[in-house]
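**Q**
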Amino acid sequence: MAESIPIQHYTVMFDFDNTLIDENTDTYIVEQLWPELMIDLKNWRHSGVSWTEIMRRILNKLLTKFTIEDLTNCFKKIRMNASLVQMLKSFIQLKDQIDVYIVSDANDFFIHTILQNEGIDYTQFKFIHTNITKLNVEQNTIDLTEYSIYFNDPHNCTDCPDNMCKGHIVKEIMESSLKEENNCCKCNNRTFIYVGDGKNDFCGSSQLRECDYLLCRIGRSLEEKIKEFPNKLLNTVYYWNDEEEMVNHFVKIGVVTNNVQ
651 MAESIPIQHY
661 TVMFDFDNTL
671 IDENTDTYIV
681 EQLWPELMID
691 LKNWRHSGVS
701 WTEIMRRILN
711 KLLTKFTIED
721 LTNCFKKIRM
731 NASLVQMLKS
741 FIQLKDQIDV
751 YIVSDANDFF
761 IHTILQNEGI
771 DYTQFKFIHT
781 NITKLNVEQN
791 TIDLTEYSIY
801 FNDPHNCTDC
811 PDNMCKGHIV
821 KEIMESSLKE
831 ENNCCKCNNR
841 TFIYVGDGKN
851 DFCGSSQLRE
861 CDYLLCRIGR
871 SLEEKIKEFP
881 NKLLNTVYYW
891 NDEEEMVNHF
901 VKIGVVTNNV
911 Q
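See the structure below:
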């Protein structure tokens, strides 16, 4: 009897800001609703305040003038690329073969709002690794908690901010996936793909194997890190300018067909 050919499985890990959308959600909400707060944001940044603490302060200030509904409606103005939306929906339909993760320094409120507005059922993703919010609509408050604190996942990585080490998260995702399939570190029927743009995405992508793929956005700090430390990556790197080109790379790898475009 002929042996059956194993089905190829994929684990796809996306950054969110400037990857799945063409905005930085943290600065977008300030620029749209209260641009003058950018001065406070920059001053706090220069004084060494952590980014998550800055966003905690920003949200507190915004909610003295605006409601949570105002923030939600503002994020609904962000539209994702149509081909990318269709590809993500196709991933959900193929969730027995494709695991989708988001690994982002944003927060679940921002991410959920934007995905839901595009009709993407994010609950079907394997997991969204990000900072956590607790919304109280009646009191009009948003409590923001660092990912590392909420999930009790501290790290000692000097290349990543305190709230999250993407390398640690990616390593755990890979180990969990390979353990389920008894693959160990072999390049068999599980391929990992990381998509990002920022310098902390370099830590995440440095965990990939030679048979895996990094999809790096051109002209961002991730590309600079790759040029600075080219020997730290074992995997194949594909570069993209916009979401259409990103989707084309997924077609080239064989994850999806041209029908998603």
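Last residue of the sequence shown: number 911 in the numbering used here, and the count goes up by one each step with no gaps.
Just so you know, even glycine gets a beta-carbon here, dropped at the ideal spot from N, CA and C.
Source: prediction; values computed, not measured.
#1: May I have the straight-line CA-CA distance separating residue 684 from residue 838, to the nearest angstrom?
#2: Considering Cα atoms alone, identify which of 678, 853, 706, 736 is closest to residue 818.
#3: Output needed for residue 742: all residues of its chain with C-beta closer than 7 Å, excluding positions within five of it in sequence on either side, in chain order.
#4: Could you tell me whether the region 668-686 touches the region 702-720, using the rule of 3 or more Cβ pairs below 8 Å?
#5: Buried or exposed, going by whether 16 or more other CB atoms sit within 10 Å of the CB of residue 696?
#6: Among 719, 794, 703, which residue has its Cα nearest to the Cα of residue 784?
#7: Report yes if the C-beta distance between residue 904 and residue 870 is below 9 Å; otherwise report no.
#8: Below 9 Å between beta carbons: does that hold for residue 827 and residue 661?
#9: Run through the region 662-713 for me and flag every whole beta strand (DSSP E) of 3 or more residues, listed as ranges in chain order.
#10: For the alpha helix (DSSP H) that contains residue 850, what are its first and last residues?
#11: Assign residue 651 to one of three DSSP states: helix, strand, or coil.
#12: Tell me the residue span of the beta strand (DSSP E) that contains residue 888.
#13: For a test of the three-state rule: what should DSSP assign to residue 846, helix, strand or coil?
#14: In chain order, which continuous runs of the beta strand (DSSP E) of length 3 or greater are located wholly inside the region 747-825?
#15: Considering residue 721, what are the terminal residues of the alpha helix (DSSP H) in which it resides?
#16: Leaving out five residues on either side along the sequence, give the residues of the same chain with a beta carbon under 7 Å from the beta carbon of residue 761.
#17: Return helix, strand or coil for residue 734, following the three-state DSSP convention.
#18: Please name the residue in 737, 688, 756, 805 whose C-alpha comes closest to that of residue 668.
#19: Give the DSSP-derived three-state secondary structure of residue 872 in the structure shown.
#20: If you reduce the DSSP assignment to three classes, tell me which class residue 865 lands in.
#21: So, at 8 Å on beta carbons, what are the nonlocal neighbours of residue 907 in its own chain, with the 5 sequence-adjacent residues on each side left out?
#22: Report the residue from 723, 790, 862, 728 whose alpha carbon sits nearest the alpha carbon of residue 884.
#23: Enumerate in chain order the residues of its own chain whose CB-to-CB distance from residue 705 is below 7 Å, with the five nearest sequence positions on each side excluded.
#24: Take residue 716 as the anchor and find which of 881, 888, 797, 791 has the nearest alpha-carbon.
**A** The short version:
#1: 51 Å
#2: 853
#3: 771, 774
#4: yes
#5: exposed
#6: 794
#7: no
#8: yes
#9: none
#10: 850-855
#11: Interpretation of residue 651 is limited by its pLDDT of 37, a score under 50 that renders its predicted location unreliable; the figure taken from the coordinates is listed afterwards. Three-state result, residue 651: coil.
#12: 886-890
#13: strand
#14: 748-757, 777-786, 791-795
#15: 718-725
#16: 666, 752, 754, 778, 780
#17: helix
#18: 756
#19: helix
#20: strand
#21: 901
#22: 862
#23: 676, 794
#24: 791
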